[in-house]
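Colleague:
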Amino acid sequence: MRNVFHTVALLAMMTALLAAVGWFLSGVEGVVLIVAMGWVILAFGQNVSPKMLLHAIGAYRLDAEDLPPLGELIGELARRAHLGRIPRIYLVESQIMQAFTLGGDPREATIVLTDALVKTMTIRELAGVLAHEVSHIRHGDLKILGLADLVTRMTRSLSFLGVLFLLLNIPLAVSGAAPGGYVPLPVLLLLVGAPLLSLLMQLGLSRVREFDADIGAVALSGDPIGLAHALEKLEIQQEDLWRRMFLPRRPGMDPSLLRTHPATQARIERLLAIPVDSPPLPARFLSDDIHAAQWEGLLRAPIRWFLRWWR
Numbered sequence: 001m002r003n004v005f006h007t008v009a010l011l012a013m014m015t016a017l018l019a020a021v022g023w024f025l026s027g028v029e030g031v032v033l034i035v036a037m038g039w040v041i042l043a044f045g046q047n048v049s050p051k052m053l054l055h056a057i058g059a060y061r062l063d064a065e066d067l068p069p070l071g072e073l074i075g076e077l078a079r080r081a082h083l084g085r086i087p088r089i090y091l092v093e094s095q096i097m098q099a100f101t102l103g104g105d106p107r108e109a110t111i112v113l114t115d116a117l118v119k120t121m122t123i124r125e126l127a128g129v130l131a132h133e134v135s136h137i138r139h140g141d142l143k144i145l146g147l148a149d150l151v152t153r154m155t156r157s158l159s160f161l162g163v164l165f166l167l168l169n170i171p172l173a174v175s176g177a178a179p180g181g182y183v184p185l186p187v188l189l190l191l192v193g194a195p196l197l198s199l200l201m202q203l204g205l206s207r208v209r210e211f212d213a214d215i216g217a218v219a220l221s222g223d224p225i226g227l228a229h230a231l232e233k234l235e236i237q238q239e240d241l242w243r244r245m246f247l248p249r250r251p252g253m254d255p256s257l258l259r260t261h262p263a264t265q266a267r268i269e270r271l272l273a274i275p276v277d278s279p280p281l282p283a284r285f286l287s288d289d290i291h292a293a294q295w296e297g298l299l300r301a302p303i304r305w306f307l308r309w310w311r
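Numbering (full-length UniProt numbering), first residue to last: 1 to 311.
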């Protein structure tokens with residue numbers, strides 16, 4: 001409930017900030033125009049299929065018969081989440097372990113996994129990762145974060161136009177020919193600072209939704225340990241990447257306000273503190289001995305997988 005309040009509050013503040021910028025630029029007409037533009041963008045944006053992005057990153061679809069354990073697992077999680085359709089699973093070749101979800105509409109939701117993640121995680125850890133992604137779909141997080149991104153982009157664009165207008169009118173203001181003579185300092189500060197404030201609130205919203213997805217993952221799987229172990233592996237990978245790049249820093253040194261995801265240790269601590277009330281997944285999905293690397297032969301994409309791209 002607390003995360004829901006934070007989500008609503010952050011979205012409300014971001015929208016209010018955008019409306020304030022529009023009002024200072026063009027009064028009530030500016031606010032009405034912003035609302036109309038946002039509605040049109042959202043209406044058309046919801047109809048965009050994730051297939052274009054899937055093609056761009058070279059992802060190919062995995063069916064239940066390709067990796068039976070994975071198909072059974074995602075089907076069980078979708079059933080527990082009461083989704084109307086089982087999310088499609090796509091695989092993309094990459095040395096980086098990663099999982100993400102595409103598609104704002106639950107009927108079009110697609111979960112993308114890298115082959116490095118599938119080969120490295122145990123079935124229990126993979127269950128935690130998939131439960132996290134299914135939780136995002138269940139809660140409509142893609143729509144929420146898409147709306148927040150739209151508000152941030154519109155705020156940045158309007159603020160840029162406002163500052164540009166002020167710069168072009170400096171000669172008139174100096175000569176006294178500009179209407180009003182000068183721009184109040186609060187308005188100037190708003191135009192300059194609004195994009196940064198909106199971005200910080202967007203990042204804060206993203207962190208809130210990640211925490212909520214962790215809670216939802218435990219509710220779906222009944223097992224916080226699998227996701228906690230998966231997060232530890234992902235954190236180790238990030239540290240290794242920084243070492244390879246010879247940078248004198250670690251990913252954990254990023255300021256918390258500038259992260260899209262909460263700190264891994266904080267997520268793990270919260271996960272392990274969540275009371276587990278849901279029944280656990282079947283035992284075959286909670287084994288620490290069954291390693292997805294055993295599926296490596298199946299992960300070599302046969303030609304028939306490429307024929308499924310448009311399905």
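Glycine included, every Cβ here is placed at the ideal spot set by N, Cα and C.
Buried or exposed: which applies to GLY104, given that a residue is buried once 16 or more other Cβ atoms fall within 10 Å of its Cβ?
Modeller: Counting Cβ neighbours within 10 Å, GLY104 comes out buried, since at least 16 surround it.
Colleague: Give a yes or no on whether the C-beta atoms belonging to SER287 and GLY216 are separated by under 8 Å.
Modeller: Not in contact: SER287 and GLY216 (Cβ atoms no closer than 8 Å).
Colleague: Taking THR110 and LEU54 to be in contact with their CB atoms under 8 Å, please state how far apart those CB atoms are, rounded to whole angstroms.
Modeller: Going by Cβ atoms, the distance from THR110 to LEU54 rounds to 7 Å, so yes, they are a contact pair.
Colleague: Contact check, LEU70 vs LEU62 under 8 Å by CB: the rounded distance?
Modeller: Their Cβ separation, rounded to whole angstroms, is 7 Å, which keeps LEU70 and LEU62 in contact under 8 Å.
Colleague: Whose C-beta lies closer than 7 Å to the C-beta of ALA219 among residues of the same chain, with five residues either side of it excluded?
Modeller: Counting only Cβ-Cβ distances below 7 Å, and skipping sequence neighbours, we find SER278.
Colleague: Run through the stretch 28 to 106 for me and flag every whole beta strand (DSSP E) of 3 or more residues, listed as ranges in chain order.
Modeller: The stretch 28 to 106 contains these whole beta strand (DSSP E) runs: 60 to 62, 88 to 92 and 99 to 102.
Colleague: What residues in its chain sit with their C-beta under 8 Å from that of GLU269, if we drop five residues either side in the sequence?
Modeller: Same-chain partners within the cutoff: there are none.
Colleague: Starting from the C-beta of TRP23, find all residues in its chain whose C-beta is less than 8 Å away, skip the five residues before and the five after it, and write them out in chain order.
Modeller: Counting only Cβ-Cβ distances below 8 Å, and skipping sequence neighbours, we find GLY30 and VAL31.
Colleague: So, with DSSP's three-state summary, where would you put ILE274?
Modeller: Note: ILE274 maps to coil in three-state DSSP.
Colleague: Taking contact to mean 3 or more Cβ pairs, one atom from each stretch, closer than 8 Å, check whether the stretch 155 to 171 and the stretch 119 to 138 are in contact.
Modeller: Because the criterion of three Cβ pairs below 8 Å is not met, the stretch 155 to 171 and the stretch 119 to 138 do not touch.
Colleague: CA-CA distance, ASP214 and PRO186?
Modeller: Each residue's alpha carbon lies about 40 Å from the other.
Colleague: If you draw a straight line from the alpha carbon of ARG209 to that of ARG259, how long is it in whole angstroms?
Modeller: Each residue's Cα considered, the two are about 13 Å apart.
Colleague: For ALA131, tell me which candidate among GLY193, ILE57, ALA228 and ALA273 has the shortest Cα-Cα distance.
Modeller: Closest by alpha carbon: ALA228.
Colleague: Once DSSP output is grouped into helix, strand and coil, what is the label at MET14?
Modeller: Helix, per DSSP.
Colleague: Taking the beta strand (DSSP E) that LEU258 falls in, what are its first and last residues?
Modeller: Careful: LEU258 lies outside any beta strand (DSSP E) and carries neither H nor E.
Colleague: What did DSSP end up calling LEU113 once you bin it into helix, strand or coil?
Modeller: Residue state, collapsed to three classes: strand.
Colleague: Between ASP289, LEU281 and TYR90, which has its C-alpha nearest residue 314's C-alpha?
Modeller: This structure cannot settle anything about residue 314, because the visible part of the chain is limited to 1 through 311.
Colleague: Does the Cβ-Cβ distance between GLN202 and MET14 come in under 8 Å?
Modeller: For GLN202 and MET14, yes; Cβs fall inside 8 Å.
Colleague: Going straight from the alpha carbon of GLY84 to that of LEU150, what length do you get?
Modeller: Spanning the two alpha carbons is a distance of roughly 27 Å.
Colleague: Assuming ALA59 and VAL112 are in contact, meaning their beta carbons sit under 8 Å apart, how far apart are those beta carbons, in whole angstroms?
Modeller: The pair is a contact, with the Cβ atoms about 6 Å apart (cut-off 8 Å).
Colleague: Let me know if MET52 comes out buried or exposed under the rule of 16 or more other beta-carbons within 10 Å of its beta-carbon.
Modeller: Exposed, by the Cβ-count rule.
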